[in-house]
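Q: What follows is a single structure, and I will ask about it in a moment.
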Amino acid sequence: MSDRDTIPATIEALREAFDSSFAVAPAGARPDEVALLAIRVGNDSIALRVHDTLGLVKAGRIVAVPSRRPDLVGIIGLRGAVIPIYSLARVAGLSESEQPRWIALAGGPDRIGLAFAQFEGHLRVAPGAIHAAASPRESRLVSGVLETGAAPRTILDVPAIVQAVKAASDRRTGSPT
3 MSDRDTIPAT IEALREAFDS SFAVAPAGAR PDEVALLAIR VGNDSIALRV HDTLGLVKAG
63 RIVAVPSRRP DLVGIIGLRG AVIPIYSLAR VAGLSESEQP RWIALAGGPD RIGLAFAQFE
123 GHLRVAPGAI HAAASPRESR LVSGVLETGA APRTILDVPA IVQAVKAASD RRTGSPT
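Sequential numbering from 3 applies to the sequence shown in the working numbering.
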C-alpha cells in the first residue's frame, strides 16, 4: 500500500473528526469557578469579577469635562450613550502611574466607566482561592483577595465602587441618596 492509497482514508478520517466535533457541546465555564478580569492599577495587581461588569473596552478618546471631582477623568460616547469615566485608581485609593488604556463598564441604568492602565488577562479560579480582605480599611471596596502561586491579587467590589461614586456625586449635588 502506497502513501497515495492512504490519502483518501486520512482525508475521510479528518472530515469525520471535524464533523463530529460539532456534535459535542462546547466546554463552557464550570459552575465551580469564578471568572475574573486580571488588571494592573499602578503597581497593584487587581481583579474584577466578570459578572460585576457590563463589558471591557479600549479607552480610546476620553473627553475631559470641568469637574471638582478628582476621580472624574472625563466622558466617552459608547453605543449612543454618554458615559462618565472615573479613574479606578483614584476611586479605590490606589497609586496611579500610567494613562488609562482600558475601561471596565459598570453600573445599572446609570452606567459608569472605570478607567485603568493595563489589562493582564482573564482568570478562572476555584472559589477556595479567594479569601476575605485582611484589614477593615480594605474591606470597603474589596470583595476578597485571590491567593495564587504569584503575589496575591486584590479583588475590587465593582458594585461597591459604583455606589461610592454615586454617593460622592449625591453629596456634591445635594441630592438625596
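We put the CB at the ideal spot given by N, CA and C, even for glycine.
For residue 155, count the other beta carbons within 10 Å of its own beta carbon; 16 or more makes it buried, fewer makes it exposed. Which is it?
A: Reading the sequence shown from its first residue, position 153 is the one you call residue 155. Looking at its Cβ environment, which holds 16 or more other Cβ atoms inside 10 Å, residue 155 is buried.
Q: For residue 93 and residue 167, what's the separation of their Cα atoms in angstroms?
A: The count along the sequence shown starts at 1 and reaches residue 93 at position 91. The count along the sequence shown starts at 1 and reaches residue 167 at position 165. Each residue's Cα considered, the two are about 7 Å apart.
Q: Starting from the Cα of residue 2, find the closest Cα among 162, 120, 146 and give me that residue.
A: Because residue 2 is not part of the residues shown, which for the chain are 3 to 179, the question remains open.
Q: Rounded to the nearest angstrom, what separates residue 110 and residue 142 at their Cα positions?
A: As a position in the sequence shown, residue 110 is number 108, starting the count at 1. As a position in the sequence shown, residue 142 is number 140, starting the count at 1. Near 20 Å, if we compare the C-alpha coordinates of residue 142 and residue 110.
Q: Report the partner residues of residue 49 according to the DSSP bridge assignment.
A: Residue numbering aside, residue 49 sits at position 47 when the sequence shown is read from its first letter. Paired residues: 40, 157.
Q: How about residue 50: is its C-beta nearer than 8 Å to some C-beta of chain C?
A: Here chain C cannot be found, since the structure has a single protein chain.
Q: Can you say whether residue 36 is buried or exposed, counting buried as having 16 or more other CB atoms within 10 angstroms of its CB?
A: The residue you call residue 36 lines up with position 34 of the sequence shown. Buried is the call here.
Q: Kindly confirm or deny that the segment 39-56 and the segment 93-106 touch, where touching means at least three C-beta pairs closer than 8 Å.
A: Yes, since at least three Cβ pairs between the segment 39-56 and the segment 93-106 fall closer than 8 Å, the two stretches touch.
Q: Is it the case that the Cβ atoms of residue 117 and residue 75 are separated by a distance below 8 Å?
A: Here residue 117 refers to the residue found at position 115 when the sequence shown is read from its first residue. Here residue 75 refers to the residue found at position 73 when the sequence shown is read from its first residue. Contact flag set, yes.
Q: Only counting the same chain, and skipping five residues up and downstream in sequence, which positions put a Cβ closer than 6 Å to that of residue 123?
A: Within the sequence shown, the letter at position 121 stands for residue 123. These residues qualify, in order along the chain: 40.
Q: Are the CB atoms of residue 113 and residue 83 within a distance shorter than 8 Å?
A: The sequence position of residue 83 within the sequence shown is 81, counting from 1. The sequence position of residue 113 within the sequence shown is 111, counting from 1. Cβ distance < 8 Å, so residue 83 and residue 113 count as in contact.
Q: Closest to residue 100 by CA distance: which of 106, 90, 38, 108 is it?
A: Counting from one through the sequence shown, the residue named residue 100 turns up at place 98. Among 106, 90, 38, 108, the Cα nearest to that of residue 100 is on 90.
Q: Decide if residue 204 is buried, meaning its Cβ has at least 16 other Cβ atoms within 10 Å, or exposed.
A: Outside the displayed span of the chain (3 to 179) sits residue 204, for which this structure offers no information.
Q: Please give me, in chain order, every unbroken run of the beta strand (DSSP E) with length at least 3 that falls completely inside the segment 99-143.
A: With a minimum length of 3 residues, the continuous beta strand (DSSP E) runs that stay inside the segment 99-143 are 104-108, 114-118, 120-127.
Q: What's the gap between the Cα of residue 55 and the Cα of residue 66?
A: The residue you call residue 55 lines up with position 53 of the sequence shown. The residue you call residue 66 lines up with position 64 of the sequence shown. Taking the straight line joining both Cα atoms gives about 23 Å.
Q: Residue 158 and residue 144: beta carbons closer than 8 Å?
A: As a first step, residue 158 is located in the sequence shown; it is residue number 156 there, counting from the start. As a first step, residue 144 is located in the sequence shown; it is residue number 142 there, counting from the start. In this structure, residue 144 lies closer than 8 Å to residue 158 by Cβ.
Q: First and last residue of the alpha helix (DSSP H) that includes residue 90?
A: Start at 1 with the first residue of the sequence shown, and residue 90 comes out as number 88. That run of the alpha helix (DSSP H) goes 90-94.
Q: Would DSSP call residue 164 helix, strand or coil?
A: In the sequence shown, the residue the question calls residue 164 occupies position 162. The answer is helix: DSSP assigns residue 164 an H, G or I state.
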